[in-house]
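Asker:
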Amino acid sequence: MNPNYTEFKFPQIKAHPWHKIFHKRMPLEAVDLVSRLLQYSPNLRSTAIEALVHPFFDELRDPNTRLPNGRFLPPLFNFKPHELKGVPTDMLPKLIPEHAKKQCSFLGL
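Just so you know, we're using the numbering used here here: the sequence shown kicks off at -11 and counts up by one.
Laid out in structure tokens, this is it:
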């Protein structure tokens, strides 16, 4: 902090709700994810893994989801062992859906 401004008090600014910024253009799940990712306090901010298991991405976990051209999705769940290190075991079923477990054969799921 600048030593010349030790007594400066920053003004308190009321937060503007995300739903007023995005209006109806974004799904509620997207607004919720953005608000969790842009938390000022790191302790309140979602981790990368928490973001990946957010409901916004549920459609990508659906085995019937296709690309707009009708093709299958590329492999999205082919994590490496080091990428899953430290992931709570209760998050793994949400992170890697049943139909995609073969992409992470090292897990033995």
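Glycine included, every Cβ here is placed at the ideal spot set by N, Cα and C.
1. Quick check: residue 4 and residue 21, are their CB atoms within less than 8 Å of each other?
2. Please classify residue -2: does DSSP put it in a helix, a strand, or coil?
3. With DSSP run on the structure shown, which of helix, strand or coil describes residue 67?
4. Could you please give the first and the last residue of the uninterrupted alpha helix (DSSP H) stretch that includes residue 49?
5. Rounded to a whole number of angstroms, what is the C-alpha to C-alpha distance between residue -9 and residue 0?
6. Looking at the secondary structure, which residues open and close the alpha helix (DSSP H) in which residue 33 lies?
Answerer: Walking through what the data contain:
1. As a working note, residue 4 is residue 16 in the sequence shown. As a working note, residue 21 is residue 33 in the sequence shown. Cβ distance not < 8 Å, so residue 4 and residue 21 don't count as in contact.
2. Counted from its first residue, the sequence shown places residue -2 at position 10. Of the three classes helix, strand and coil, the one that applies to residue -2 here is coil, per DSSP.
3. What you label residue 67 is simply residue 79 of the sequence shown in a count that begins at 1. Annotated three-state conformation of residue 67 is coil, per DSSP.
4. Taking the sequence shown and counting its residues from 1, one reaches residue 49 at position 61. Segment 46 to 49, the alpha helix (DSSP H) holding residue 49.
5. As a first step, residue -9 is located in the sequence shown; it is residue number 3 there, counting from the start. As a first step, residue 0 is located in the sequence shown; it is residue number 12 there, counting from the start. Going from the Cα of residue -9 to the Cα of residue 0 covers about 21 Å.
6. Taking the sequence shown and counting its residues from 1, one reaches residue 33 at position 45. Judged by DSSP secondary structure, residue 33 falls outside any alpha helix (DSSP H); it is assigned neither H nor E.
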